[in-house]
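Number of protein chains: 2
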Amino acid sequence: MNERALLEHIYQTSTQSDSVLIGPGDDMALLQFDSDKLLCGVDQLIIGRHISKDIQPELIGRKAVARCFSDIAAMGGIPAGSLMTAALPSDTDNAWVIRVFQGARDAAEEWGGPIIGGDIASTQEASKPMFTVTTFGTVPSTAIQRNNAQIGDVVYVTGEIGNSLASHHLSFTPRIAEAQKLIESIEINTMIDISDGLGQDASHLASTNTQLVIDAAMIPLREGATIPKAFSDGEDYELLFTSTMKPPEDIATAIGFVQRRTNEEPKVVTTKGEDISMLGWAHE
Amino acid sequence: MNERALLEHIYQTSTQSDSVLIGPGDDMALLQFDSDKLLCGVDQLIIGRHISKDIQPELIGRKAVARCFSDIAAMGGIPAGSLMTAALPSDTDNAWVIRVFQGARDAAEEWGGPIIGGDIASTQEASKPMFTVTTFGTVPSTAIQRNNAQIGDVVYVTGEIGNSLASHHLSFTPRIAEAQKLIESIEINTMIDISDGLGQDASHLASTNTQLVIDAAMIPLREGATIPKAFSDGEDYELLFTSTMKPPEDIATAIGFVQRRTNEEPKVVTTKGEDISMLGWAHE
Chain A
285 MNERALLEHI
295 YQTSTQSDSV
305 LIGPGDDMAL
315 LQFDSDKLLC
325 GVDQLIIGRH
335 ISKDIQPELI
345 GRKAVARCFS
355 DIAAMGGIPA
365 GSLMTAALPS
375 DTDNAWVIRV
385 FQGARDAAEE
395 WGGPIIGGDI
405 ASTQEASKPM
415 FTVTTFGTVP
425 STAIQRNNAQ
435 IGDVVYVTGE
445 IGNSLASHHL
455 SFTPRIAEAQ
465 KLIESIEINT
475 MIDISDGLGQ
485 DASHLASTNT
495 QLVIDAAMIP
505 LREGATIPKA
515 FSDGEDYELL
525 FTSTMKPPED
535 IATAIGFVQR
545 RTNEEPKVVT
555 TKGEDISMLG
565 WAHE
Chain B
285 MNERALLEHI
295 YQTSTQSDSV
305 LIGPGDDMAL
315 LQFDSDKLLC
325 GVDQLIIGRH
335 ISKDIQPELI
345 GRKAVARCFS
355 DIAAMGGIPA
365 GSLMTAALPS
375 DTDNAWVIRV
385 FQGARDAAEE
395 WGGPIIGGDI
405 ASTQEASKPM
415 FTVTTFGTVP
425 STAIQRNNAQ
435 IGDVVYVTGE
445 IGNSLASHHL
455 SFTPRIAEAQ
465 KLIESIEINT
475 MIDISDGLGQ
485 DASHLASTNT
495 QLVIDAAMIP
505 LREGATIPKA
515 FSDGEDYELL
525 FTSTMKPPED
535 IATAIGFVQR
545 RTNEEPKVVT
555 TKGEDISMLG
565 WAHE
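Residue numbers (my numbering), protein chains in the order written: chain A, 285 to 568; chain B, 285 to 568.
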């Protein structure tokens, strides 16, 4: 099956939606959009680097989409649509590719951002297959940015942290609904989703003069997780945010606070003074 | 330089624009959008497969963007923004990557669709570097689709065709302005940009019961081009469209007409009866 036939096979099973004015198969897709502000982001999933090739293919596709939708949640957004590409070594099994796309398609539709276009290209044998997912969203109220922790804020996290690679990284649901509930009930100063590791991602919330202080004992640990590994495990896809207001208890747990920082100090420390702002996935 | 540092270096030189509400560096970008309809598409450029690695890096970046913007033109759209990712073997020269991104950034800005986000990932040594560009656009009037040639239409093409690999494929300007002028002056039934080859791309304009008949003698050949190679060269990035109305002469040339087709007949033939609907880039 060549690139085009494979793409046609994948898209012929796509669900139609009223918001998809032009779907896959044309030069570009056209999406009816419920806003005049476009939230957009893109992420690459390399098989054998970011995820094992032995994982069930539907779960690979699901994860490719889920990690992008987690970014939408972290911005305070709602998914509207997605594009998905594959770059595949010439000896890739077509049935495997189709299953990856099916997993992606089902997840994207379930979460309200159907896949409306894409591209498939061949690379040389022995290179790693990769999938790139672009997602679009709307922002019902205000987009919530990074780098905006305020002195006196409390630091909160949704769900549980650590040991995500046991299974959570394949089964998590992006915290889109939780983010919307939070935004409706409290004012959030800054937010991110934890993908690289609690330590490193927390450092992106600090501003030029604020430092996050994390109390390790307060972190809600996932089964099998340990401190301090929970600081660096990553792939939690939970929301980390700061606020002066108290969020609903069933959504988030307080794990620290924000204080003044001078330029020489780390962006994230534990209550014991350890610098954890570098802990997590190494972007080499 | 690691993935993140490279990305930061690339984006710190990005021009700010009023329409970019949140630029690179957050979970996602936020774009002020002049429409409630989103035109979106994505394309992958693999170095050493789709383009030679010996090409000047700025021109590689320019082309990665230009071919996507050519799709916007073919839909009757106006660029609004772009995302660009790179998947790079671990031994890639950072200076080369930065130059590719600079070429892409300059082109994207010039054509009105600045790069507002992206991702960089490392792949194994000896794999081919690749760049993925996602583009967004608006549609001022109606989006023009494929597969909609009407019996009695004349087939038109902008510019010149053939021998594009001599230099045109690196220097072309996407036909965005020409498409808008065409839409303002005539009614276009169907349109595509010629990337894979005149023969193959023309076949996408045919509908279930229409056939395009191309008069080879009428094709405006680029210097050094020959017929029939012009049918399959591809990379012209000219607009191919059909209409019952006459477009401005300085924009397009008539090269054929549309007639009734039965299921057994090819989608595109020459006036001499040759089937040219398969000629062009093989999507293997």
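The C-beta atom is built at its ideal place from N, Cα and C for all residues, glycine as well.
- Task: Could you spell out the range, first to last residue, of the alpha helix (DSSP H) harbouring residue 295 of chain B?
- Result: 287-296
- Along chain A, in chain order, which residues have C-beta atoms closer than 7 Å to that of residue 415 of chain B? Simply none; closest approach about 10 Å.
- If we cut at 8 Å on Cβ distances, does residue 432 of chain B have a partner in chain D? Considering every chain present, this structure includes no chain D. Its protein chains are A and B.
- Task: Take residue 484 of chain A as the anchor and find which of A/443, A/436 and A/520 has the nearest alpha-carbon.
- Result: Ranking A/443, A/436 and A/520 by Cα distance to residue 484 of chain A puts A/520 first.
- Reduced DSSP secondary structure (H/G/I, E/B, other) of residue 502 of chain B: helix
- Could you name the residues of the same chain whose beta carbon sits closer than 7 Å to that of residue 442 of chain B, not counting the 5 residues immediately before and after it, in chain order? 459, 462, 522, 523, 535 and 536
- Could you tell me which chain A residues have their CB closer than 7 Å to the CB of residue 446 of chain B, listed as they occur along the chain? The premise fails here: residue 446 of chain B is roughly 21 Å from chain A at the closest Cβ pair, so nothing lies under 7 Å.
- Message: By the three-class DSSP mapping on this structure, what secondary structure does residue 303 of chain A have?
- Response: Residue 303 of chain A falls in the coil class under three-state DSSP.
- Helix or strand or just coil, what does DSSP make of residue 543 of chain B? strand
- Measure the alpha-carbon distance for residue 398 of chain A versus residue 440 of chain A and round it to whole angstroms. 30 Å
- the stretch 339-366 of chain B: positions lying closer than 8 Å to chain A by Cβ: 355, 356, 358, 359, 361, 364 and 365
- Item | Burial state of residue 434 of chain A, where buried means 16 or more other Cβ atoms lie within 10 Å | The residue in question, residue 434 of chain A, is exposed, as its Cβ has fewer than 16 Cβ neighbours within 10 Å.
- What does residue 477 of chain B touch in chain A if you count any residue whose Cβ is under 9 Å from its own? Per Cβ cutoff of 9 Å: 311.
- Query: By how many angstroms is the C-alpha of residue 367 of chain A removed from the C-alpha of residue 417 of chain A?
  - Reply: 6 Å
- Select from the stretch 478-497 of chain B all residues with a C-beta closer than 8 Å to any C-beta belonging to chain A, and list them in chain order. Listed by position along the chain: nothing, the set is empty.
- Taking residue 525 of chain B as the query, report the chain A residues whose CB atoms sit under 9 Å from its CB, ordered along the chain. Going along chain A, no residue has its Cβ under 9 Å from residue 525 of chain B, so there is no contact; the nearest lies around 12 Å.
- Item | Contact set between residue 321 of chain B and chain A, taken where Cβ atoms lie within less than 8 Å | 305, 314, 315, 316 and 317
- Query: So residue 317 of chain B packs on residue 392 of chain B, CB below 8 Å; how close in whole Å?
  - Reply: Not confirmed; about 16 Å, so no contact.
- Item | Range covered by the alpha helix (DSSP H) that runs through residue 371 of chain A | Counted as a single uninterrupted DSSP element, the stretch harbouring residue 371 of chain A is not any alpha helix (DSSP H) but the beta strand (DSSP E) occupying residues 362-373.
- Go ahead and label residue 412 of chain A buried or exposed: buried means 16 or more other beta carbons lie within 10 angstroms of its beta carbon, across all protein chains shown. buried
- Quick check: the stretch 418-431 of chain A against the stretch 310-328 of chain A, are there 3 or more CB pairs under 8 Å? yes
- Message: Nearest by alpha-carbon distance to residue 409 of chain B: which of B/400, B/380, B/427 and B/375 is it?
- Response: Residue B/375 is the option with its Cα nearest to residue 409 of chain B.
- Message: Determine whether the beta carbon atoms of residue 360 of chain A and residue 445 of chain A lie at a separation below 8 Å.
- Response: no
- Item | Nearest-angstrom Cα separation, counted from residue 414 of chain B out to residue 334 of chain B | 10 Å
- Which of the three DSSP states, helix, strand or coil, is assigned to residue 327 of chain B? Residue 327 of chain B falls in the strand class under three-state DSSP.
- Which ranges does the beta strand (DSSP E) cover as unbroken runs of at least 3 residues, wholly within the stretch 400-488 of chain A, from first to last along the chain? 414-422, 438-442 and 474-477
- Task: Spell out the partners DSSP gives residue 496 of chain B in its beta bridges.
- Result: B/542 and B/552
- Message: Here's the rule: buried if 16 or more other CB atoms are within 10 angstroms of the residue's CB, otherwise exposed. What is residue 312 of chain B?
- Response: buried
- Task: Would you list the residues sitting across from residue 321 of chain B in a DSSP beta bridge?
- Result: A/316
- Is there a Cβ from chain A that is less than 8 Å from the Cβ of residue 330 of chain B? yes
- Item | Residue-chain proximity (residue 420 of chain A, chain B), Cβ-Cβ < 8 Å | yes
- Message: Measuring only the C-alpha atoms, how far is residue 306 of chain B from residue 427 of chain A?
- Response: 9 Å
- Hey, is residue 411 of chain A's beta-carbon within less than 8 Å of any beta-carbon in chain B? Yes, residue 411 of chain A counts as interfacial toward chain B.
- Going straight from the alpha carbon of residue 337 of chain A to that of residue 289 of chain A, what length do you get? 24 Å
- Give every residue of the same chain whose Cβ lies closer than 6 Å to the Cβ of residue 404 of chain B, excluding the five residues on either side of it in the sequence, and list them in chain order. Around residue 404 of chain B: 287, 290, 291 and 370.
- Message: Quick check on the burial criterion: 16 or more other C-beta atoms within 10 angstroms. Buried or exposed for residue 437 of chain A?
- Response: buried
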